[in-house]
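Enquirer: In our numbering, the protein residues as written are 1 to 161.
1. Might you give, ordered along the chain, the residues of its own chain that have their beta carbon closer than 7 Å to the beta carbon of residue 104, omitting 5 neighbours on each side?
2. Does the distance from the C-beta atom of residue 107 to that of residue 73 stay below 8 Å?
3. Unbroken beta strand (DSSP E) runs of length 3 or more, entirely within the region 45–113: which are they?
4. Tell me the residue span of the beta strand (DSSP E) that contains residue 129.
5. To the nearest angstrom, report how far apart residue 122 and residue 38 are at their CA atoms.
6. Can you have a look at residue 132 and say buried or exposed, based on whether 16 or more other CB atoms are within 10 angstroms of its CB?
7. Give me the Cα-Cα distance between residue 112 and residue 68, rounded to the nearest whole angstrom.
8. Is it buried or exposed, residue 17, if we count other Cβ atoms within 10 angstroms and call 16 or more buried?
9. Near residue 61, what residues of its chain come up, given a Cβ to Cβ distance below 7 Å and the 5 sequence neighbours on each side ignored?
10. So, under 8 Å CB-CB, residue 92 and residue 27 are touching, yes? Tell me the CB distance rounded to an integer number of Å.
11. By the DSSP assignment, the beta strand (DSSP E) with residue 25 in it spans what residues?
12. So for residue 43, helix, strand or coil by DSSP?
13. Can you tell me the Cα-Cα spacing of residue 161 and residue 53, whole angstroms?
14. What residue from 156, 85, 149, 117 has the CA that sits closest to residue 140's CA?
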């Protein structure tokens with residue numbers, strides 16, 4: 001990402017989720033605070049070989065699953081976004097239905113400002129937690145574990161499940 005004279009702000013972005021039955025929902029009052037943690041090269045943990053206190057090898061190991069967290073302002077606790085994220089939408093079909101019964105969704109984050117566009121696409125996301133904070137204003141926060149492919153601005157960071 002390049003440093004620009006005009007910075008991006010939370011009004012420039014949106015978060016959308018969808019399932020494999022064409023259900024989709026957008027977090028309408030996204031706060032622009034998307035965070036990705038645990039992203040490793042090729043989506044793999046490292047295996048360090050060591051003998052007598054010296055590193056003897058560095059290899060790709062087991063799959064590492066990054067997490068994504070984001071929040072928005074909450075207008076209605078029964079909002080379609082909350083229901084779909086929890087797999088509670090009528091006709092819901094998990095994006096990983098071909099390999100199990102745990103509900104997952106695809107997540108797309110977009111930010112557009114003038115000619116500067118960002119897109120993060122994370123497939124097969126498992127809802128890790130969500131929190132509603134009552135106050136002025138009420139906010140809802142989500143955390144997901146990415147179990148599938150992940151691309152950022154067209155670059156593939158994790159290519160498959």
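Heads up, the beta-carbon is just placed ideally off N, CA and C, and yes, glycines get one too.
Here the structure is a predicted model, which means the values were calculated and not measured.
Expert: Considering the structure as presented:
1. 94, 95, 96, 124, 125, 126, 147
2. no
3. 54–63, 67–73, 105–113
4. 116–133
5. Spanning the two alpha carbons is a distance of roughly 14 Å.
6. exposed
7. 19 Å
8. Counting Cβ neighbours within 10 Å, residue 17 comes out buried, since at least 16 surround it.
9. 44, 45, 46, 47, listed in sequence order.
10. Their Cβ separation, rounded to whole angstroms, is 18 Å, which puts residue 92 and residue 27 out of contact at 8 Å.
11. 24–26
12. helix
13. 35 Å
14. Nearest of 156, 85, 149, 117 to residue 140, Cα basis: 85.
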